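Before any comments, here is the structure.
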Amino acid sequence: MRTIDQTTDEILTLAAAHFKVPREQLRPEDDFYKTLGIKSLQALELLTRLEDHFSVELPDYEFQGVSDFRTLAERIQARL
Amino acid sequence: MSKHSGKAASWTLADGVFEFELHREPCNEIGTALLEDLERFVEATRTAENDADAIIIYSTMGPGFCAGADLRELYTGMQGVSIEERVAGVRRFLERIHAVMNALDASPLVTIAAVHGVTFGGGFELALTCDLIIADKMARFCFPELRLGLIPGFGGVPRLRRDLGNAVVRDLLLTGRSINATKALGVGLVSQVVAEGKALDVARSTAAQIRKFDRATRVAAKQFAKPIPYAELRQEIEVFCQLLARPAVEEGLRKFVESSDALPYLP
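Protein sequence lines, in the order shown, are assigned to chains A and B.
Counting from 37, one number per residue, gives the positions in the first sequence under the numbering used here.
Counting from 2, one number per residue, gives the positions in the second sequence under the numbering used here.
Here is the structure:
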């Protein structure tokens, strides 16, 4: 079972790779919309990557209203 | 090879396979322009029915296969007209798009949707008319219409009910959530999930396989395996038009149209 820190770290690594930003620029408390410069379409791509990576389903309504990596990790952690 | 270039979509016919390419910015929203190309395409497939075996529908737009109905066109058309005129205009559009979707659904040719990315609303409904859906692993499927106070209007629910179990149908319809390609494969919505950027290649090899079989047998098999839910499709138009007359719909559309996000898929 992953810890919340491991899950967060994997999300940061995955987001950095998908959106081609240096991993060290991303922090758990960052607003990923601002940090990654993304909008709804890219958020959907991130959602698909996360579902694929963690082998979970994350309904959009659980993703909505979430904008920082840490909270995102908590939502995923609840489904692992 | 024959080909046609339209404003929103183009097609070719080569080696017995029609390839219908969606190419309208930003993500193939289905408005009047795409409807007209679809109508011409359906007519072309009827004319060449004896020279073709398969149809592949795909998109060259980066965001995805199709984001659904052109809500900006719908909203604009609703301005400055009475409720009665608004409903009558939408009903005319629905009758035309249903004729196209029904023709694709019942085509004697084998139809394959090669989808990637956003496959939402009317785009999902277009894919559902096809015999096979081949999905890029980054494809997502969604019926977001309830967010606007509407139901899917291009035949989505009757076709989804035909193909899938009620638990999935109601989940997609009532929550408006999107599902990924892996989930879609698991519930029987898509027939194959392929690597990123490979859906069209796999659709072509699938079409080549289909061409090996006797045409008359294939037509009989398709008619047997794929009944068209005409009565429910008619009912859908009525429900959609009833819902459209409510003020909440215009407000939902206004929010969508005024969004600063070019692709406001997540409310």
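For glycine and all other residues, C-beta sits at the position ideal for the given N, C-alpha and C.
Quick caveat: nothing in here was measured; it's all calculated off a predicted structure.
(message) Quick check: the Cα distance between P268 of chain B and Q100 of chain A, rounded to an integer number of angstroms?
(response) Walking along the second sequence from the start, residue 268 of chain B turns up at place 267. Walking along the first sequence from the start, residue 100 of chain A turns up at place 64. In this prediction, P268 of chain B scores a pLDDT of 45, lower than 50, which makes its location untrustworthy; no coordinate-derived value is stated.
(request) Verify the CB distance criterion: does M62 of chain B have a CB-CB separation below 7 Å to chain A? (result) Residue 62 of chain B sits at position 61 when you count from the first residue of the second sequence. No, its Cβ sits nowhere closer than 7 Å to a Cβ of chain A.
(message) When you compare the CB positions of F155 of chain B and I98 of chain B, do they come within less than 7 Å of one another, or not?
(response) For the purposes of this step, residue 155 of chain B is taken as the residue at position 154 of the second sequence. For the purposes of this step, residue 98 of chain B is taken as the residue at position 97 of the second sequence. Yes, these two residues count as a Cβ contact at 7 Å.
(request) Measuring only between beta-carbons, confirm whether A15 of chain B sits less than 7 Å from chain A. (result) The residue you call residue 15 of chain B lines up with position 14 of the second sequence. So no, A15 of chain B is outside the interface.
(request) Decide if the region 239 to 253 of chain B is in contact with the region 141 to 158 of chain B; the criterion is three or more beta carbon pairs, one per stretch, under 8 Å apart. (result) yes
(message) Between the region 165 to 183 of chain B and the region 77 to 89 of chain A, can you find at least three pairs of beta-carbon atoms closer than 8 Å?
(response) yes
(message) According to DSSP, is T13 of chain B part of a helix, a strand, or is it coil?
(response) On the second sequence, residue 13 of chain B is found 12 positions in, with the first residue counted as 1. Strand at T13 of chain B.
(request) Rank B:D164, B:A10, B:P27 by C-alpha distance to the C-alpha of F19 of chain B and give the top, closest one. (result) Counting from one through the second sequence, the residue named residue 19 of chain B turns up at place 18. When each option's Cα is compared against that of F19 of chain B, the closest is B:A10.
(request) Check whether the Cβ of N29 of chain B lies closer than 7 Å to any Cβ atom in chain A. (result) Translated into the one-based positions of the second sequence, residue 29 of chain B becomes position 28. So, not an interface residue.
(message) Quick check on D67 of chain A: does DSSP put it in helix, strand or coil?
(response) Mapped onto the first sequence, residue 67 of chain A falls at position 31. Looking at D67 of chain A - three-state DSSP - the assignment turns out to be strand.
(message) Three Cβ pairs or more, each shorter than 8 Å: is that satisfied between the region 138 to 149 of chain B and the region 114 to 123 of chain B?
(response) yes
(message) Just to make sure I have the definition right: I need the residues of chain A whose C-beta is within less than 9 Å of the C-beta of V119 of chain B. Which are they?
(response) For the purposes of this step, residue 119 of chain B is taken as residue 118 along the second sequence, with counting starting at 1. The contacting residues are L77, L80.
(message) Any heavy atom of the ligand ZN closer than 6 Å to the beta-carbon of L94 of chain A?
(response) With respect to the ligand ZN, the structure offers nothing, as it holds no ligand at all.
(message) Below 8 Å on the Cβ atoms is my contact criterion, and I expect L201 of chain B with A115 of chain B to pass it. Report the Cβ-Cβ distance as a whole number of Å.
(response) Here residue 201 of chain B is taken as the residue at index 200 of the second sequence, counted from 1. Here residue 115 of chain B is taken as the residue at index 114 of the second sequence, counted from 1. At roughly 5 Å, the Cβ-Cβ gap stays under 8 Å, so L201 of chain B and A115 of chain B are in contact.
(message) Please report whether the beta-carbon of D96 of chain A lies at a distance below 7 Å from any beta-carbon of chain B.
(response) Your numbering for residue 96 of chain A matches position 60 in the first sequence. So yes, D96 of chain A belongs to the interface.
(request) Please classify T44 of chain A: does DSSP put it in a helix, a strand, or coil? (result) Working through the first sequence from its first residue, we reach residue 44 of chain A at position 8. If DSSP states are grouped into helix, strand and coil, T44 of chain A belongs with the helices.
(request) To the nearest angstrom, report how far apart R93 of chain B and L174 of chain B are at their CA atoms. (result) Taking the second sequence and counting its residues from 1, the one referred to as residue 93 of chain B is at position 92. Taking the second sequence and counting its residues from 1, the one referred to as residue 174 of chain B is at position 173. Approximately 24 Å, taken between the alpha carbons.
(request) Over the uninterrupted beta strand (DSSP E) stretch that includes R141 of chain B, give me the two end residues. (result) Position 140 of the second sequence, counting from 1, holds the residue named residue 141 of chain B. First-last of the beta strand (DSSP E) with R141 of chain B: 141 to 143.
(request) Measure the alpha-carbon distance for R247 of chain B versus E30 of chain B and round it to whole angstroms. (result) By one-based count along the second sequence, residue 247 of chain B stands at place 246. By one-based count along the second sequence, residue 30 of chain B stands at place 29. The alpha-carbon atoms of R247 of chain B and E30 of chain B are separated by roughly 23 Å.
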